[in-house]
Amino acid sequence: MFTGIIEEVGSVVRIEHGDGDARLVVRGPLVTSDAHLGDSIAVSGVCLTVTDLPGDGTFGADVMPESLRRTALGDLAAGSPVNLERALAVGGRYGGHVVQGHVDGVGAILHRTPGPRWDEVEIAIEPELARYVAEKGSIAVSGISLTVTHVSDEAFGVSLIPTTLEATTLGTLGPGDRVNLEVDVLAKYTERLLETSGALQERAQR
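Going by my numbering, the sequence shown opens with residue 5, and the numbers climb by one from there.
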C-alpha cells in the first residue's frame, strides 16, 4: 500500500524486454537505503517487487505482461526519470490517499497552463475510468496523489503545486506525454457493493 507521496525521482538504468515481459533496473538511492528482496516499490505508480539489490543504489524488478499492457512502463528507456515511493510503513503518516500501485489505465496530457507558482494540467481519461473520478476527489497520476479540479467523460484536471513541479516527473511532462492512472479504489468498491446490493434485492423480489 502506498500514499502517492513521491519520495524521490529515480532514473532507469536499463530495461530489457523479453517475450512479452521486461526486466527493469532503476537507480534510487533513497528507496533502496533500507530495501530488502521482496519489498514493494512503486515506480511511477506501478507496484513492483524488488528482485535484485546489488548495493549500489539500484534495484531490479520484473515487469509482467499485464503491467506492460496496462501501464506506460513500456515507454521507458535508459535515463528516463521515474517517481519512486516505498510501501507505507506501519505507523507512517498518510499524506496522500489509498494508492495500491495497481494502475487502471494510461492517460495523455492534453493541455498545460502555467500559473504564477503552479500549473494547471488537463489529462485525457477513458470513459470507463472517468466514472470513478469526482471533482475534489483523489487520483494517482504516475504514482502522485492529486486532487481533481474538474472532470468530464473524457478528461480531468489537476493543479500542480511548486513541490509537485520540483519533486516529481510531472514538472517536465508536456502535451502528448503518457501517464499512469489509478482511480480511487474506494469508488470501485462502492460501485461493486451497490451492484451486489441491487442484484440481491432483485433476487429477493422474485
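We treat Cβ as the ideally placed atom computed from N, Cα and C, and that holds for glycine.
Assumed close pair Val13, Pro85 - CB separation to whole angstroms, cut-off 8 Å: 5 Å
Rounded straight-line distance, which links the Cα of Arg196 to that of Asp60: 44 Å
Cα-Cα separation between Arg97 and Phe6, rounded to whole angstroms: 11 Å
CA-to-CA distance, Glu11 to Gly100, given in whole angstroms: Here the alpha carbon of Gly100 sits roughly 12 Å from the alpha carbon of Glu11.
Cβ separation of Leu52 and Val67, assumed to be a contact under 8 Å, to the nearest whole Å: 7 Å
Range of the contiguous alpha helix (DSSP H) that encloses Ser71: Segment Pro69 to Arg74, the alpha helix (DSSP H) holding Ser71.
Residue range of the alpha helix (DSSP H) that includes Leu41: Here Leu41 belongs to no alpha helix (DSSP H), and DSSP marks it neither H nor E.
Candidates Ser149, His154 and Ala159, of which the one nearest Ile165 by Cα: Ser149
Where the beta strand (DSSP E) through Leu185 begins and ends: From DSSP, the beta strand (DSSP E) with Leu185 extends over Arg182 to Val187.
DSSP three-state assignment for Asp123, whether helix, strand or coil: strand
Exposed unless 16 or more other CB atoms sit within 10 angstroms - verdict on Thr167: exposed
Status (buried if at least 16 other CB within 10 Å, exposed otherwise) for Glu186: buried
Beta-carbon gap between Arg116 and Gly180 smaller than 8 Å: Against a cut-off of 8 Å, the Cβ pair of Gly180 and Arg116 comes out as no contact.
Outcome for Asp79 when other beta-carbon atoms lying within 10 angstroms are tallied against a minimum of 16: exposed
Residues sharing a beta bridge with Asp66, DSSP: Under the DSSP definition of a beta bridge, Asp66 partners with Arg27.
Cβ distance (whole Å) where Val137 is taken to contact Val125 below 8 Å: Incorrect: roughly 14 Å between the Cβ atoms, too far for contact.
Three-state secondary structure (DSSP) of Pro166: helix
Nearest-angstrom Cβ-Cβ length linking Val107 and Thr75, presumed shorter than 8 Å: 5 Å
Residue closest to Val17, alpha-carbon to alpha-carbon, out of Gly24, Ile45 and Ala65: Ala65
Where the beta strand (DSSP E) containing Ala217 begins and where it ends: Not covered by the structure: residue 217. The range shown for the chain is 5 to 210.
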